Amino acid sequence: MEPTPPITRLAQTRPQLEQQQHQQTAAAQTGLQFASPEEMLRYDAAQTAPPVTVEQRLKDSIAREPRPRRSWWRRLFGGQA
Amino acid sequence: MAGISERKAARAQTTAVWEASDFAGIYREHSRAIYYLTLRLLGDPTRAEDAAHDVFLKAFRKFGEFRGEAAVRTWLYRIAINHCRNLQQSWHQRTMVTNVDEALWEQAAGQAENPLHILEVKELGQRIQQTLEALPDEYRLLLLLVADEQLSYEQVAALTSQSTDAVRGKLHRARRAFAVAFKKTA
């Protein structure tokens with residue numbers, strides 16, 4: 078039995094496919110535009126996640142640490158440490 | 005087998021300690037911003053990873069002393085900035101342009117008025133890094149801090165030890181310098 082092509086592909090007519098390809102090319106040619114360096118940096122920061130190894134290393138390091146001392150004012154007033 | 009179960013138990017205990025501390029939430033909320041700052045200040049993902057770890061560990065050790073007078077984000081940024089400065093001083097290897105004649109940037113100001121435009125998103129990080137490294141230290145830090153929308157100008161001023169008016173003035177020049185340097189990376 079022949080494998081069925083993806084439905085989305087079947088549903089698209091040739092003009093639709095051409096239009097989609099044209100839009101993709103246009104997007105690639107247009108690229109991105111930022112009004113300011115801050116906007117660009119924000120975009121870059123949003124794409125940049127810290128490596129998961131940082132969290133794991135931090136967990137291990139913290140597990141080896143003595144419990145942090147509660148500050149005098151927290152001990153006095155009973156705040157959460 | 006006993007070794008594996010011991011390691012599993014140790015890992016579970018580590019996770020329990022982590023989750024029980026208020027610090028897990030702090031890490032989740034601020035790790036992206038702190039890692040990004042260390043990455044762009046140090047310019048090396050491996051060093052940035054080490055630095056981010058060290059910054060949060062320092063913060064954990066000092067957490068008991070944190071009185072909440074400053075926002076947590078500002079407090080973490082202060083630790084990160086000091087940590088990166090110490091690393092840069094000890095490495096003696098970075099050749100940042102720190103004494104750039106400001107007139108150099110002013111001359112090219114006209115070029116900087118246009119929006120910043122890129123075609124290849126995948127190269128953006130590399131170009132940003134090259135651009136930041138071409139800027140004076142204080143411009144680089146200023147732009148990175150102002151880009152964080154959680155920080156007010158007052159907080160940026162406090163972190164960079166200057167007045168808010170000075171921040172606004174330098175920011176204007178920093179933006180132009182960035183735009184000029186960025187175009188050169190194309």
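So the protein sequences, as listed, match chains A and B. Residues in the first sequence are numbered from 78 upward in steps of one, following the numbering used here. Residues in the second sequence are numbered from 5 upward in steps of one, following the numbering used here. Note that CB positions come from ideal geometry on N, CA and C, so glycine has one too. Just so we're clear, the structure is a prediction, and the values are computed from it rather than from any experiment.
Residue i to residue j span [Cα, whole Å]
i, j, result
"valine 184/B", "proline 128/A", "31 Å"
"proline 114/A", "phenylalanine 182/B", "7 Å"
"alanine 16/B", "isoleucine 139/A", "13 Å"
"serine 94/B", "glutamate 137/B", "18 Å"
"threonine 50/B", "threonine 42/B", "10 Å"
"glutamate 33/B", "histidine 176/B", "29 Å"
"glycine 47/B", "isoleucine 132/B", "10 Å"
"aspartate 58/B", "lysine 66/B", "12 Å"
"aspartate 54/B", "phenylalanine 64/B", "15 Å"
"threonine 102/A", "glycine 108/A", "Its pLDDT being 45, under 50, threonine 102/A is placed unreliably in this model, and the value from its coordinates should be taken loosely. So the two alpha carbons sit approximately 10 Å from each other."
"glutamate 10/B", "aspartate 137/A", "15 Å"
"alanine 178/B", "isoleucine 83/B", "23 Å"
"threonine 125/A", "proline 143/A", "32 Å"
"alanine 170/B", "alanine 161/B", "8 Å"
"phenylalanine 186/B", "phenylalanine 70/B", "39 Å"
"leucine 155/B", "isoleucine 8/B", "45 Å"
"glutamate 23/B", "tyrosine 39/B", "21 Å"
"methionine 100/B", "proline 140/B", "With a pLDDT of 48 at methionine 100/B, under the threshold of 50, the predicted position of this residue should be treated as unreliable, though the coordinate-derived value follows. Approximately 7 Å between the Cα atoms of the pair."
"threonine 19/B", "lysine 188/B", "47 Å"
"phenylalanine 111/A", "aspartate 121/A", "11 Å"
"glutamate 127/B", "threonine 168/B", "33 Å"
Beta carbon proximity, residue i to chain A, threshold 8 Å
i, result
"valine 104/B", "With a pLDDT of 47 at valine 104/B, under the threshold of 50, the modelled position of that residue is not reliable, and no figure is offered here."
"glutamine 17/B", "yes"
"leucine 80/B", "no"
"arginine 65/B", "yes"
"tyrosine 157/B", "no"
"valine 150/B", "yes"
"leucine 145/B", "no"
"threonine 46/B", "Here residue 46/B turns out to be leucine, not threonine, going by the sequence shown. With 8 Å as the cut-off, leucine 46/B does not count as an interface residue toward chain A."
"glutamate 53/B", "yes"
"arginine 179/B", "yes"
"leucine 91/B", "no"
"glycine 56/B", "Checking the displayed sequence, the identity of residue 56/B turns out to be alanine instead of glycine. By this cut-off, alanine 56/B is an interface position."
"histidine 176/B", "no"
"alanine 183/B", "yes"
"leucine 163/B", "no"
"methionine 100/B", "Summary for methionine 100/B: the model assigns pLDDT 48, below 50, so the residue's position carries little reliability, and this model does not support an answer."
Beta-carbon neighbours of residue i, restricted to chain A and to distances below 8 Å
i, result
"serine 35/B", "Pro127, Val131 and Glu132"
"isoleucine 132/B", "Met117, Leu118 and Asp121"
7 Å Cβ cut-off: residues of chain A touching residue i
i, result
"valine 160/B", "By Cβ distance, chain A contributes nothing, its closest Cβ being about 11 Å from valine 160/B, past 7 Å."
"leucine 128/B", "Asp121"
"tyrosine 191/B", "No answer is possible for residue 191/B: it lies beyond the span of chain B, which begins at 5 and ends at 190."
"histidine 121/B", "Gly108 and Gln110"
"leucine 43/B", "Thr125"
Chain A contact residues for residue i, given Cβ-Cβ distances below 9 Å
i, result
"tryptophan 95/B", "Correct list: empty, because the minimum Cβ distance to chain A is about 20 Å."
Residue i: CB within 7 Å of a non-hydrogen atom of the ligand NAD
i, result
"glycine 129/B", "As far as ligands go, the structure on display features none, and thus does not contain the ligand NAD."
Beta carbon proximity, residue i to chain B, threshold 8 Å
i, result
"alanine 103/A", "Because alanine 103/A sits at a pLDDT of 45, beneath the cut-off of 50, its placement in the model cannot be relied upon, and the following sentence gives the value as read from the coordinates. Not closer than 8 Å to any Cβ of chain B, the Cβ of alanine 103/A fails to qualify, so no."
Inside the stretch 112-140 of chain A only - alpha helix (DSSP H) runs reaching at least 4 residues
114-124
Could I get the ranges of all uninterrupted alpha helix (DSSP H) runs contained in the stretch 143-186 of chain B, with 4 residues as the minimum, in chain order?
157-163
Which whole runs of the alpha helix (DSSP H) in the stretch 40-84 of chain B are 4 residues long or more, in chain order?
49-66
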